[in-house]
Amino acid sequence: MVRLSDLHEAEQEHMRLRISEWKPVEKAPWITPKPLKEARVAIISTAGLHRRTDSPFTFGAVDYRLLPRDVDFSDVVVSHVSANFDRTGFQQDPNIWFPLDRLREMHSSGEIGGLAKWHYSFMGAQPNHAALQAAGEEVGRLLAADEVDVALLIPV
Amino acid sequence: MATTSISLIREQSEAVIPPRALWVPFPLGRPLGAADDRLFQGKVLRSAFRLLETATSPTIEDFLVEAPFQKESEAWACPVSFPVTESEEIDFRLRDEINRLRPWSQETRLARGRSLFGVSGADSDQIADVVDAVLHIVETGDVLQLPPSKIEWRFDMPLLIRHLADDLRTFYHEALAAQPGEGAPSHRAFNDFIFGGTALGDAFQSLAERLTEEGSAVSLITRGFILPEGYYKGGSAFPTPNELQESGFSLK
């Protein structure tokens, strides 16, 4: 179980401090998506993933990297700075962070309408959420242009 | 466009109040719970997607099924023991470990057809060059200039040190994953192994010392990116407020 209380006490303290500074996301009109079986889905990850040829994330980076829906995971590396999360599962099976294969299966079986052409990766462990506003809005516009109905947000 | 999300730390979602969050009881770094388990991953995903149909206002739902494999990988023990060569120098010990692990790492890469190795800029066959770079930094104490190498490094110093460490961790984990026995170790079992007497763990601690000696805020923070919480003198490798103040660091 991961409650804060399960983490090392130094990490707990750090996270509690961060959380105390966070504010709820801005209220926006509630959106009911089209039925899932018609919906086009995109993954947004904060695992610091990117293709080998992309610039790696630097400390505190608030930009993002693109992962195409047919990405070859042998071309993908991780430049997230934190040493405090498990990378061993991802080494074994990329779907544990970025479940493109599961979405493909759900598309084949008719459970979702389709996969976005582009999926997105950010660097997590962000102390200042406001700093991500511009990149977040930009990705929102890109998702809309890609006719995405559902964004699936996955932490690490 | 609607969003649904997976939440690993419930308190974070409670603070941010996203439209839809599925809190999962898995360790950090395992948001879908289990590797190589199509059915379990599908169960998690379908629960997150179901919120798109059921939620009518901001909702955090709890996914109360534990991931199936954790017990085994927590109980992992390394089948290979490195010889106790405390009298030997770190460079000899580290190269010796790498040579012993190299064929196992290769097995895993062949089986998976991929590797996370190389984020530092190294090619897949350049583990020896990564080791040379780490030993150069340990020996010279220079954490600010890029170590001389034929590798075109993809980071500046000292952040490169963090990713050199990760390339080494990847290599070791690949090697351990291929060995007969209980399969790959979990994050915690892997850290206990590394910091329980391997030359790699000792090299990481030496890198941390060099960063401490240099003493700038960025070096001290990099130290916290190399050693997981609990593995630096039993506590956190991130700088204390005192250390930061002494480094001249100011938030302003």
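One line per chain: the protein sequences are D and F, in this order. The opening position of the first sequence corresponds to residue 925 in the working numbering, with each subsequent residue numbered one higher. The opening position of the second sequence corresponds to residue 83 in the working numbering, with each subsequent residue numbered one higher. Heads up, the beta-carbon is just placed ideally off N, CA and C, and yes, glycines get one too. None of the values given here were measured: they were computed from a predicted structure.
Straight through space, the alpha carbons of P262 of chain F and T1012 of chain D are spaced by roughly 17 Å.
A check of alpha carbon separations from P100 of chain F across F:D238, F:S187, F:V126, F:A137 identifies F:A137 as the nearest. For V212 of chain F, the enclosing alpha helix (DSSP H) covers residues 209-222. Contact with chain F is absent for I967 of chain D, since none of that chain's Cβ atoms lies less than 8 Å from the residue's Cβ. When DSSP states are grouped into helix, strand and coil, E143 of chain F belongs to the strand group.
A residue is called buried when at least 16 other Cβ atoms come within 10 angstroms of its Cβ; Q1016 of chain D meets this threshold and is buried. About 7 Å separates the CB atoms of W105 of chain F and F145 of chain F; that is less than 8 Å, so the two are in contact.
Close CB contacts of D214 of chain F within its chain, under the 8 Å cut and outside five residues either way in sequence, are with P229, S231 (chain order).
Chain-order list of chain D residues neighbouring S187 of chain F: empty, with the shortest C-beta distance near 11 Å, by a criterion of under 9 Å. For A299 of chain F, the enclosing alpha helix (DSSP H) has its first and last residue at 299-308.
Among the residues facing chain D, M239 of chain F is not included, as its CB has no counterpart in that chain under 8 Å away. Secondary structure within the region 965-991 of chain D: not one fully enclosed alpha helix (DSSP H) run of 4 or more consecutive residues is present.
Using a CB distance cut-off of 8 Å, G278 of chain F does not count as an interface residue toward chain D.
Ranked by Cα distance from Y1044 of chain D, the options D:L990, D:H1004, D:W954 are led by D:L990. As computed with DSSP, Y1044 of chain D is found in a beta bridge with D:I968, D:L990. Excluding five sequence positions before and after A1055 of chain D, the CB atoms of its chain that fall closer than 7 Å to its own CB belong to V986, given in chain order. Of the candidates F:D178, F:M239, F:P150, F:S187, F:P150 places its Cα closest to the Cα of D118 of chain F. Taking 8 Å as the threshold, the shortest C-beta distance from F1046 of chain D to chain F does not fall below it. Using a Cβ-Cβ cut-off of 9 Å, W1021 of chain D is close to G111, R112, P113, L114 of chain F, given in chain order. Taking S329 of chain F as reference, the option from F:P267, F:Q94, F:L293, F:Y314 with the minimal CA-CA separation is F:L293.
Short of 6 Å from the beta carbon of I142 of chain F, and not among the five residues preceding or following it, lie these beta carbons of its own chain, in chain order: S95, A103, W105. Contact note: P992 of chain D does not reach chain F at a C-beta cutoff of 9 Å; the least C-beta distance is about 16 Å.
A Cβ of chain D is located within less than 8 Å of the beta carbon of A84 of chain F. Take R92 of chain F, set aside five residues on each side of it, and the residues of its chain with a beta-carbon closer than 6 Å to its own are W105, in chain order. The C-alpha of R1026 of chain D lies about 7 Å from the C-alpha of G124 of chain F.
For G1013 of chain D, at least one C-beta of chain F is nearer than 8 Å to its own C-beta.
Under the three-state reduction of DSSP, Y313 of chain F is assigned to coil, being neither helix nor strand.
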